[in-house]
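Down below is the structure, laid out as structure tokens.
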């Protein structure tokens, strides 16, 4: 379920945004819950943390979208924000609140769908997948964000995390499929790497932030290098 709030005080634009959201959800086969707020004050009165994506008009009666975004950031530093504005110079200040992007009015569906494609990739990338791993006193819930890499050894998955090393039964291929859309990359038949912990590349190996190096298989090298270049460019 993708939860979207759109702040827009112009009724025709609000109607257009709702129509675009409905069309996008249908085309992408997504479950989307959208809520319209005609002013920033009404939006801030309820809990802004209920949403994954905010579409915010910058110029509105009362509090501006920029001021509203600053308040949102105090409550939720991670929520994706896309500004909607008729003046490009206003969008330049979007970096102040770490906005993801901006859309210029009048909003076209092509522009809207392209921006949402990128937003959803980033939202999915930032969402954790939780793993259950065995520990001495029971089971530990291990968020994917904390996992540096996973290797397969004798039909066991070995999770190398910030907090330690954990084992669990499983298939690396199934785990890779489960992590699709997140910044995990299969660099060999035995290793799945979290690119958040990528420090560099040396010859045919990836270097992690903890100093470990993992070999890239010859068969996968071209795809691995392309995927790393795409990640460093901010595309996944």
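Numbering (the working numbering), first residue to last: 1028 to 1263. Just so it is clear, CB atoms sit at the ideal spot from N, CA and C, and this is done for glycine as well. Remember, predicted model here, so these are calculated numbers, not experimental data.
Closer than 8 Å is the cut-off here; do at least three beta carbon pairs connect the segment 1105-1114 with the segment 1076-1088? Cβ pair count under 8 Å is three or more, so yes.
Could you tell me the distance, in whole angstroms, from the CA atom of residue 1201 to the CA atom of residue 1086? Looking at the two C-alpha atoms, the distance is approximately 47 Å.
Rounding to the nearest angstrom, what Cα-Cα distance links residue 1070 and residue 1153 in this structure? Residue 1153 has its alpha-carbon roughly 24 Å from the corresponding atom of residue 1070.
When we look at the beta-carbon of residue 1209 and count the other beta-carbons within 10 Å, is it buried (16 or more) or exposed? Classification of residue 1209: buried, given that the 10 Å Cβ count is 16 or more.
To which residues of the same chain is residue 1262 closer than 6 Å at the C-beta, ignoring the five residues directly before and after it? The predicted position of residue 1262 is uncertain, since its pLDDT is 48 and thus under 50; a value taken from the coordinates is nonetheless stated next. Counting only Cβ-Cβ distances below 6 Å, and skipping sequence neighbours, we find nothing.
Counting only the same chain and skipping the five closest in sequence on each side, list residues whose C-beta sits under 7 Å from that of residue 1088. Excluding residues within five positions, the ones whose Cβ falls inside 7 Å are 1036 and 1066.
CB-CB length for residue 1240 against residue 1229, believed under 8 Å: The C-beta separation of residue 1240 from residue 1229 comes to about 7 Å, placing the pair in contact by the 8 Å criterion.
Measuring only the C-alpha atoms, how far is residue 1100 from residue 1047? Distance between the alpha carbons of residue 1100 and residue 1047: 26 Å.
Sorted by chain position, which residues of the same chain lie with C-beta nearer than 6 Å to residue 1041's C-beta, five sequence neighbours on each side aside? The residues are 1035 and 1063.
Can the beta-carbon of residue 1142 be found closer than 7 Å to that of residue 1124? Residue 1142 is not a Cβ neighbour of residue 1124, given a cutoff of 7 Å.
Rounded to the nearest angstrom, what separates residue 1133 and residue 1113 at their Cα positions? Residue 1133 and residue 1113: Cα-Cα distance of roughly 7 Å.
Give the straight-line distance between the Cα atoms of residue 1061 and residue 1242, rounded to the nearest whole angstrom. Between residue 1061 and residue 1242, the C-alpha separation is close to 45 Å.
Cβ neighbour criterion (16 or more within 10 Å) applied to residue 1187: When all chains shown are included, residue 1187 counts as buried.
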